[in-house]
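In this note's numbering, the protein residues as written are 12 to 115.
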Amino acid sequence: MRERLPAFTSVRTGPDLWPHEAAFGELLVHTAEDGSPWALCYQCPCGCGSPVMVPSEKARDGSPTWTLTAEADGSYSASPSVRMTSPQGCKSHYFIRSNRIEWC
Ligand SMILES: [Zn+2]
Numbered sequence: 012m013r014e015r016l017p018a019f020t021s022v023r024t025g026p027d028l029w030p031h032e033a034a035f036g037e038l039l040v041h042t043a044e045d046g047s048p049w050a051l052c053y054q055c056p057c058g059c060g061s062p063v064m065v066p067s068e069k070a071r072d073g074s075p076t077w078t079l080t081a082e083a084d085g086s087y088s089a090s091p092s093v094r095m096t097s098p099q100g101c102k103s104h105y106f107i108r109s110n111r112i113e114w115c
């Protein structure tokens, strides 16, 4: 079992990035046509290996969405918090603020 991640250590942005492509600690920012964040994709920061996608309101597929913010320093934030809820899952609960993982 890995240590829980305190922050993402690298960031890639692009229009065609998906959670299964993310290395542990890497934040993939799937961008919309206007360059704004469409979804954040990464491996669960608890170390369980689950791919996670945090979509913005632009996803509009009926699933929960988040407000994604590109900060002035080039980092990313998501609101509200992210909670893993699947019965088999790790139950992680955390905020993403300026690329940092703030565990609840
Ligand atoms: Zn996890």
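Glycine is no exception: its CB is placed at the ideal position from the N, C-alpha and C atoms.
Beta-carbon proximity check, residue 33 vs residue 53, cutoff 8 Å: Result yes, Cβ atoms of residue 33 and residue 53 sit closer than 8 Å.
Measure the Cβ-Cβ separation of residue 65 and residue 22 and say whether it is below 8 Å. Going by C-beta atoms, residue 65 is not nearer than 8 Å to residue 22.
Can you tell me whether residue 101 sits near ligand 1, meaning its C-beta is under 7 Å from at least one heavy atom of the ligand? Because some heavy atom of ligand 1 lies under 7 Å away, the Cβ of residue 101 counts as near it: yes.
Report yes if the C-beta distance between residue 89 and residue 28 is below 8 Å; otherwise report no. No, they are not a contact pair.
Indicate, with yes or no, if ligand 1 has a heavy atom lying under 7 Å from the CB of residue 92. No.
Quick check: what's the CA-CA separation for residue 58 versus residue 45? Taking the straight line joining both Cα atoms gives about 32 Å.
What does residue 54 pair with, by DSSP beta-bridge criteria? In the DSSP output, where bridge partners are listed per residue, residue 54 has 62.
How about residue 70: is its C-beta nearer than 8 Å to some C-beta of chain C? In the structure shown, chain C does not exist; there is a single protein chain.
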